[in-house]
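*Asks:* In our numbering, the protein residues as written are 1 to 228.
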Amino acid sequence: MICIDPTFRGSRFSLVDRGFIYVIAHIRGGGEMGRNWYEDGKLLKKKNTFTDFIACAEHLIENKYCTKEKLCINGRSAGGLLMGAVLNMRPDLFKAAVAGVPFVDVLTTMLDPTIPLTTAEWEEWGDPRKEEYYYYMKSYSPVDNVKAQDYPHILVTAGLNDPRVMYSEPAKFVAKLRELKTDDNLLLFKCELGAGHFSKSGRFEKLREDAFTYAFILKTQVLCFGTS
1 MICIDPTFRG SRFSLVDRGF IYVIAHIRGG GEMGRNWYED GKLLKKKNTF TDFIACAEHL
61 IENKYCTKEK LCINGRSAGG LLMGAVLNMR PDLFKAAVAG VPFVDVLTTM LDPTIPLTTA
121 EWEEWGDPRK EEYYYYMKSY SPVDNVKAQD YPHILVTAGL NDPRVMYSEP AKFVAKLREL
181 KTDDNLLLFK CELGAGHFSK SGRFEKLRED AFTYAFILKT QVLCFGTS
């Protein structure tokens with residue numbers, strides 16, 4: 001059970017100073033609202049996480065905080081799975097998406113007990129060796145649900161030495177998108193050769209990664225509105 005702490009992050013001012021609104025979606029599967037809130041977003045209820053996120057996006061649009069033409073989303077690791085799932089489900093809602101070291105090949109990973117975290121994660125996602133869990137996980141696993149449809153601008157990152165989400169997962173997702181998507185929007189794959197699941201070591205490396213991500217997001221807004 002993971003909660004998103006309300007931490008201060010100075011790099012976000014780079015977006016806020018440019019007129020962005022920064023929103024954190026506290027959706028089911030997190031622990032912010034207690035144990036039941038967490039339980040309602042795992043195992044055979046995992047899709048609640050995705051529909052909650054879509055509901056948050058629709059709320060922002062309906063209440064005029066933003067429009068579909070401006071809404072950008074960002075998630076990493078299991079949050080990257082969230083990005084992949086909602087992009088497959090409702091690509092029309094978003095202008096751009098950033099999926100950092102995303103857990104997107106759910107079945108392949110969860111079927112391989114030799115991967116370090118697989119057996120421990122069965123409690124969260126389910127054991128796909130059981131038929132009920134296999135087909136449920138297949139129904140939302142991003143790699144298995146890419147469609148021939150338009151997608152927003154997408155940035156996907158990976159770490160070559162990542163022991164939690166092997167770089168092959170995001171690479172496979174990007175390859176599937178390149179094969180099937182029907183639009184001309186940006187699709188970037190950035191693999192850090194000297195990183196694992198987190199940033200490269202060094203005092204300023206995380207800031208450099210944030211700068212790259214924000215530059216991508218700003219670029220998508222320029223492509224939409226033609227301003228700098």
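Positions of the beta carbon are idealized from the N, C-alpha and C atoms, including for glycine. This structure is a prediction, so every number in the text was calculated from the model and none was measured.
For His59, does the three-state DSSP call read helix, strand or coil?
*Replies:* helix
*Asks:* Quick check: what's the CA-CA separation for Ala215 versus Cys66?
*Replies:* Taking the straight line from one Cα to the other gives about 19 Å.
*Asks:* So Val143 and Phe173 are supposed to be a Cβ contact under 8 Å. How far apart are they, rounded?
*Replies:* 5 Å
*Asks:* Taking only runs of the beta strand (DSSP E) that begin and end inside the stretch 80-153, which ones reach a length of at least 3 residues, in chain order?
*Replies:* 96-100
*Asks:* In the DSSP assignment, find the unbroken alpha helix (DSSP H) run with Leu15 in it and report its ends.
*Replies:* Segment Phe13 to Val16, the alpha helix (DSSP H) holding Leu15.
*Asks:* Can you tell me which residues form a DSSP beta bridge with Gly10?
*Replies:* In DSSP, Gly10 forms no bridge with anything.
*Asks:* For Leu193, does the three-state DSSP call read helix, strand or coil?
*Replies:* Annotated three-state conformation of Leu193 is coil, per DSSP.
*Asks:* Quick check on DSSP: helix, strand or coil for Leu187?
*Replies:* strand
*Asks:* Could you please give me the residues that DSSP links to Ile24 through a beta bridge?
*Replies:* Under DSSP, Ile24 shares a beta bridge with no residue.
*Asks:* Are the Cβ atoms of Asn161 and Asn88 separated by less than 8 Å?
*Replies:* For Asn161 and Asn88, no; Cβs fall outside 8 Å.
*Asks:* Tell me the rounded alpha-carbon separation between Lys46 and Lys130.
*Replies:* 16 Å
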